[in-house]
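Chemist: Numbering (our numbering), first residue to last: 112 to 411.
All residues carry an ideal CB built from backbone N, CA and C; glycine is no exception.
Here you go, one structure.
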């Protein structure tokens, strides 16, 4: 009698735990947090600044790990996410949960004891918002998930500013608004060319529920207030000409890409080239906008 041995699941290694933190997403989170800190009017000691940025990175990583813990079933149904540690079978869910909770707790404790209470509270709100509001409550229930849930990724400039100053001011609030309004066109551009994945997983992303035409219109509509939020620090006197002219140029390019997507007929090109261009540029846009803010602060 021949028996077949059960497959052996190898234990997760450090690369799997790193993948849980969504390092590519974390890069933008850390950068915007750092820029919020550097744009603050109060300098922070380099060691404390590094500690604050480390806490932001760890907090973002914790949120990413808990997101993958909760969404392991969805990730297994989507081609784009099937090779993540949990759906690929390289890690069990309990390990991911313990890792995420432990990372979150450590990041908050370190931020509190090394930096200040304000930054700690905002970091805690950002983690809880991403896990409970976006991941658990909104993601599977409404096509507006990314609109409301986008606030989770908009907190880092507030955290960085608060780490340096101990409070919150109008400029970091406007930076929060910029990222909040940037998230829908950025994410819906991606959703347009991976909508089959979302449909297969049963996730009610806007292209799946409302269709491509409505999604394209929404991308165009959200781009307009995003541009306003990007430019307004200049006329308000919160940023100088380096930032102001950069914001106008970069936003004009963003508007051009968004218009190509918004006014494009559905199904005219299966390659979704305008959508992919908008998605890629939107990431560069945010890096350049925040970089211009820091340059304006330090060079003007």
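Could you check whether residue 405 and residue 146 sit closer than 7 Å to each other, using their CB atoms as the reference points?
Modeler: Result yes, Cβ atoms of residue 146 and residue 405 sit closer than 7 Å.
Chemist: Buried or exposed: which applies to residue 152, given that a residue is buried once 16 or more other Cβ atoms fall within 10 Å of its Cβ?
Modeler: It is exposed - the Cβ of residue 152 has fewer than 16 other Cβ atoms within 10 Å.
Chemist: Under three-state DSSP, which class holds residue 189?
Modeler: It is coil, neither helix nor strand.
Chemist: Please report how far the alpha carbon of residue 279 lies from the alpha carbon of residue 269, in whole angstroms.
Modeler: Residue 279 and residue 269: Cα-Cα distance of roughly 7 Å.
Chemist: Can you list, in chain order, the stretches of the alpha helix (DSSP H) that have 4 or more residues and sit fully within the segment 337–393?
Modeler: Counting whole runs of 4 or more residues, the segment 337–393 contains the alpha helix (DSSP H) stretches 352–373.
Chemist: Could you compute how far the alpha carbon of residue 251 sits from the alpha carbon of residue 383?
Modeler: Residue 251 and residue 383: Cα-Cα distance of roughly 25 Å.
Chemist: For residue 85, which residues of its own chain have a beta-carbon under 7 Å away from its beta-carbon, when the five flanking residues on both sides are left out?
Modeler: Absent from the structure is residue 85, since the part of the chain shown begins at 112 and ends at 411.
Chemist: Between 294, 319 and 410, which lies nearest to residue 392 when the distance is taken from Cα to Cα?
Modeler: When each option's Cα is compared against that of residue 392, the closest is 294.
Chemist: Tell me the start and end of each unbroken alpha helix (DSSP H) in the segment 232–310 that is at least 4 residues and wholly inside, in chain order.
Modeler: The qualifying runs are 256–260, 267–276 and 281–304.
Chemist: State the start and end residues of the unbroken alpha helix (DSSP H) segment that holds residue 132.
Modeler: Segment: none, residue 132 is in no alpha helix (DSSP H) and carries neither H nor E.
Chemist: Taking 7 Å as the CB-CB cut-off, is residue 242 touching chain B?
Modeler: Structure shown: chain B not included; a single protein chain is present.
Chemist: Start and end of the alpha helix (DSSP H) containing residue 158?
Modeler: From DSSP, the alpha helix (DSSP H) with residue 158 extends over 157–181.
Chemist: Quick one: residues in its chain with C-beta nearer than 6 Å to the C-beta of residue 351, no 5 flanking neighbours on either side, listed in chain order?
Modeler: Cβ neighbours of residue 351 beyond the five flanking positions: 407 and 411.
Chemist: Relative to the C-alpha of residue 356, which candidate in 220, 188 and 399 has its C-alpha closest?
Modeler: Nearest of 220, 188 and 399 to residue 356, Cα basis: 399.
Chemist: If I follow the unbroken alpha helix (DSSP H) through residue 205, where does it start and stop?
Modeler: Counting along the chain, the alpha helix (DSSP H) containing residue 205 begins and ends at 204–225.
Chemist: Go through its chain and collect everything with a Cβ distance to residue 212's Cβ below 8 Å, but skip five positions before and after it.
Modeler: So the qualifying residues of the chain are 173 and 177.
Chemist: Do you know how far the Cα of residue 231 is from the Cα of residue 208?
Modeler: Near 21 Å, if we compare the C-alpha coordinates of residue 231 and residue 208.
Chemist: How far does the alpha helix (DSSP H) with residue 318 in it reach, from first residue to last?
Modeler: Unbroken alpha helix (DSSP H) run through residue 318: 317–320.
Chemist: Express the C-alpha separation of residue 200 and residue 362 in angstroms, rounding to a whole number.
Modeler: Taking the straight line from one Cα to the other gives about 42 Å.
Chemist: In the structure shown, what three-state DSSP assignment does residue 194 receive?
Modeler: Coil.
Chemist: In its own chain, which residues sit with a C-beta less than 6 Å from the C-beta of residue 246, not counting the 5 before and 5 after it?
Modeler: 178 and 181, listed in sequence order.
Chemist: Ordered along the chain, which non-local residues of its own chain (more than five positions away) have a Cβ less than 6 Å from that of residue 421?
Modeler: Lying outside 112 to 411, the shown extent of the chain, residue 421 is not represented and no answer is given.
Chemist: Pick out whichever of 122, 257, 158 and 138 has its Cα sitting closest to the Cα of residue 196.
Modeler: Here the closest residue by C-alpha is 122.
Chemist: DSSP on residue 201, reduced to helix/strand/coil?
Modeler: The answer is coil: DSSP assigns residue 201 none of H, G, I, E or B.
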